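Protein chains in written order, with the working numbering: chain B, 1 to 333; chain H, 1001 to 1279. Note that CB positions come from ideal geometry on N, CA and C, so glycine has one too. Note that the coordinates shown come from a computational prediction; the quantities given were computed from them, not determined experimentally.
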Amino acid sequence: MQSARALGAQQRRLREAVRTRPALAGSAFFLAIAIGLLITNGPNVFGQTTVFGIVSGSYFALGAVGLTLVYGVLRLVNFAHGDFLTFGAYMAFVINVTLGLPLIFAIPFAIATTAAIGVGLELLMWRPMRAKGAGMLPLLLMSIGLAFVIRNGIQMVAGTGQRNLRVNLTSTIAFVGLRIGRTELIVVATSVVVLTLIGLMLRYTSLGKQMRALADNFDLAEATGIDTNRIVLATWLLAGGLAGLAGVLYASAVGTFTPDLGFLLLLSLFAAVVLGGIGDAYGALAGGFLLGLIQEWSTLVIDARWKIAVGFAALILTLVLRPQGIFGRARTI
Amino acid sequence: MADAMTGAPMRAALTDATDDGDRAILSVSALELSFGGVRALAGTDLEVRRGSITALIGPNGAGKTTLFNAITGFYRADRGNAFFDGRPLLGKPPHAIARLGMARTFQLTKTLAAMPVLDNMMLAAPDQPGERLANLILRPGGWRSREAEVRERALELLETFSLRDQAEAYAGTLSGGQRKLLELARVLMLEPRLILLDEPMAGINPALAQRLLGHIHELREGRGVTFLFIEHDMEVVMGQSDRVIVMSEGRVIAEGTPEQVSRDPHVIDAYLGSSGEAA
C-alpha cells in the first residue's frame, strides 16, 4: 500500500519531469539505455555500434537540417529532398570515377551542383507557385512529382545498377580498442565541422537570424523589411548544398549506392526532423544523431534488419510524449 | 529639438493647399482587387495627409484590411495606383515598401515568438552590413560598430515602451499587452514616416489603450510620423484622429474631419446608422 503510493508519486514526478524538463528527461532516459546496453554487451561491442550510430547520424543530420530549414522557412514538405542526396552522390561519382579525380574535388562539385539544383528549382517552380498563392497540397504533390523526376532522370542517365565511389573502405584506424574506417572518420569529422558552422551561422549572423525570422513568421518578416526572396534563395542554397554533401558522405561511408539512395533515406530524414521538432535546425541536427544511435544500438538487441522500424518506433514514442518533438517549444498564441 | 520637429507638419499644412504631392504622404487612386468574383476593392481613391492621424473606418467587409494588404505589397492589386511620398508602391514586395518608410502592423499581433525581444527589434533595422557575408569577413569592425548602434537604438525604444527588462526574453513569453507594445516599438526601428495600424485597440485593456494612444500622439508631435489606422471603436476614432476616411463595399464614401464625417448622410446610411447607434 505504502510502496504503491510511493510508486504513484514517483510516476507523477517522472511525468512532471518529462513535461517540464524534456531535454533533461530525454537525456536521462537515453543515458539509462546506453548504460544498460554497455553493461549487457561489454564496452567493445557497445563502443563499436556507437561509432556506427554516429557515422549514420552524421549524414542523417546533414540531410535533416536542410529538410527542416526548407520546411521552417517555406512550410514546404520537400519530398524531393532525398533525391537531392542521390543527385549529390552521382555528381561526386562523375568527378571521382568518370573523371578519376580525388574525392576532395568531388565533394565541392557535388555540393555546388546540388545547391544549384535547389536554387534553380526555387526560381523555376517554387517562387512562381508562391506568387500564385499555391496552397500546401499542390506544393506537396509537386515535390513528390519532382522526386520521381529527379530519380528517374538519374536512372535514365546513369542506369539503375549499383555504383561505388573510389574510396578506401578497408583501412581502419584503431582508437581505444575501437575500429573506425578512415573514410568513416572523414565523414564524421566533415559533418561535425559543417554542422557546427551552420549552427553558428544560424545563431549569430544576420543571415541566420533572418532565416529564423522567416521560419517564425513569414508575413511579419516581410513587413519588418526582410528581403524574403533573398533569404529563401539562401535557404535553398544551404539545403541543397547540405543535401549534396550528405549524399556524397553517405555514398562514401556505405560504399555502394543506387538511384534509390535518397528515396530510402528520406523517411529517416523526416524522422530526424520530427524527432527534433519540425522546422528547428538544431533539433534536426540532434534528431539525426539520435536516430543514428537508436538504429545502431537496436542491432544489439534485435536483428539488424529491423533497425529502421526501431527508429520509427522511437519516433512514435517521442511524439506521444511530446507532440512538438524533443526540442520543439509548445507555442503560446 | 521637439519644437523644430513639430514644425514639420505645421509647415506642410501652411503650403499651398492645391499642392497635393506635398500634402498627401499616401495617395491611392482607382485601386481594384477581386477575389474570385468578390470585388474587395472597387476603385478605391484616398489620400492621407502628411503629419495627420487618420482613421480608416467602415463596416466589416468594407475592404479596409484588403487595402492595407494591397498597398503594402501583400496582395497584388488588379488595377489602380498607389504612391507613398511620390513613389509608386504597386508591384513592390513588402520588404521594399517597409524600407521606403511605410510600416504596418497586423490585425492579430505578430511577433517572432521563438526569438528574443531584442532580436525582434534589431531585425527591423534598415541596412545591416552584417547581412552580407563578404562584409562580415572583410569589415568585421564596421559591422560591429553598426550593430552596436542598432542595438543601442533598439534598447532605447524598448526603454520607451517599458520593455527594457524583457529584452532577452523570447517574444513568445510576453503578455498580450507587451506584444502590442513590442509591435509598435519594432515598427519604429524601420524609421517610418507613415505607420499603418490594423485595429491597434482591439482586445486590449483601457489603460494600455491610453498608453498606445499616448505613444501615437508623441510620435506624431515629436517626429512628424503620420498614422493611418483601422478602428472600430467610434470613441477612439472621433476623439483621437484629425481625419477620418470611411470605406464601404470597396470604395471610399466619405472623407473629412471627424465632425464632418459623423454628419455625412452617406456615412450614417452605410455605417453609423446600422452599427454605430450607441456612438
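When rounded, the separation of the alpha-carbon atoms in B:Gly161 and B:Thr114 is 21 Å. At a cut-off of 8 Å between C-beta atoms, B:Leu233 does not count as an interface residue with respect to chain H. The beta-carbon of H:Thr1226 is placed no less than 8 Å from the nearest beta-carbon of chain B. Counting C-beta atoms within 10 angstroms of its own C-beta, B:Val248 has 16 or more neighbours from the protein chains shown and is therefore classed as buried.
Residue pairing by DSSP places B:Met125 in no beta bridge whatsoever. As DSSP reads the structure, B:Tyr59 sits in no beta bridge. In the three-state reduction of the DSSP assignment, H:Met1102 falls in the strand class.
Bounds of any alpha helix (DSSP H) do not take in H:Gly1080; it lies within the beta strand (DSSP E) bounded by Arg1079 to Phe1084. Taking 4 residues as the shortest admissible run, the region 180 to 227 of chain B contains the following complete alpha helix (DSSP H) segments, listed from N- to C-terminal end: 182 to 204, 206 to 216 and 218 to 223. Within the region 1187 to 1204 of chain H, the residues whose Cβ lies closer than 9 Å to any Cβ of chain B are, in chain order, Val1187, Met1189 and Leu1190.
At a Cβ-Cβ threshold of 8 Å, H:Thr1065 and H:Asp1198 count as neighbours. Under the Cβ distance rule, H:Asp1119 counts among the residues neighbouring chain B, one pair being separated by less than 8 Å.
For H:Met1115, a Cβ of chain B is located within less than 8 Å of the residue's own Cβ. Non-local C-beta neighbours of H:Glu1168 in its own chain, meaning closer than 6 Å and more than five positions away in sequence, comprise Pro1116, ordered along the chain. Counted as a single uninterrupted DSSP element, the beta strand (DSSP E) harbouring H:Met1247 occupies residues Arg1243 to Ser1248.
Within its own chain, the residues whose Cβ lies closer than 6 Å to the Cβ of B:Ala286, once the five positions on either side in sequence are excluded, are Gly276, listed in chain order. In the assembly as shown, B:Gln11 is an exposed residue. Its beta-carbon has fewer than 16 other beta-carbons within 10 Å. Contacts between H:Ala1185 and chain B, judged by CB atoms closer than 8 Å, are missing: the closest CB pair is about 12 Å apart. With the criterion set as a beta carbon lying under 9 Å from some beta carbon of chain B, the members of the region 1076 to 1098 of chain H are Arg1076, Pro1093, Pro1094, His1095, Ala1096, Ile1097 and Ala1098, in sequence order. For the 8 Å CB-CB criterion, H:Val1028 and H:Thr1054 do not form a contact. Exposed is the label assigned to B:Ile302, since fewer than 16 other Cβ atoms lie within 10 Å of its Cβ. Residues of chain H whose Cβ lies closer than 7 Å to the Cβ of B:Thr228 are, in chain order, His1095. Residue nearest to H:Gly1222 within the set H:Gly1177, H:Gly1256, H:Asp1119 and H:Gly1051 is H:Gly1051 (criterion: CA-CA distance).
Nearest to B:Gly279 by alpha-carbon distance, out of B:Tyr71, B:Arg127, B:Met136 and B:Leu238, is B:Tyr71. Taking the C-beta atoms as reference points, H:Arg1039 is found nearer than 8 Å to H:Gly1250. A distance of 8 Å or more separates the beta carbons of H:Met1102 and H:Ala1154. With respect to chain H, the C-beta atom of B:Ala213 has a partner C-beta closer than 8 Å.
For the pair B:Gly120 and B:Gly292, the CB atoms are not nearer than the 8 Å cut-off. Proximity of B:Thr224 to chain H, defined by a Cβ-Cβ separation below 8 Å, is satisfied.
Following the DSSP letters along the chain, one finds B:Gly100 in no beta strand (DSSP E), marked with neither H nor E.
In the pairwise beta carbon analysis, the region 52 to 69 of chain B is classified as touching the region 263 to 273 of chain B: at least three pairs are separated by under 8 Å. Interface criterion not met: the Cβ of H:Leu1182 is under 8 Å from no Cβ in chain B.
Neighbourhood of H:Arg1104 in chain B, by CB distance below 9 Å: Ala223, in chain order. For B:Gln210, a Cβ of chain H is located within less than 8 Å of the residue's own Cβ.
The C-beta of H:Leu1228 has 16 or more other C-beta atoms within 10 Å across all chains shown, which makes the residue buried. B:Ala174 carries a strand assignment under DSSP once its states are collapsed to helix, strand and coil.
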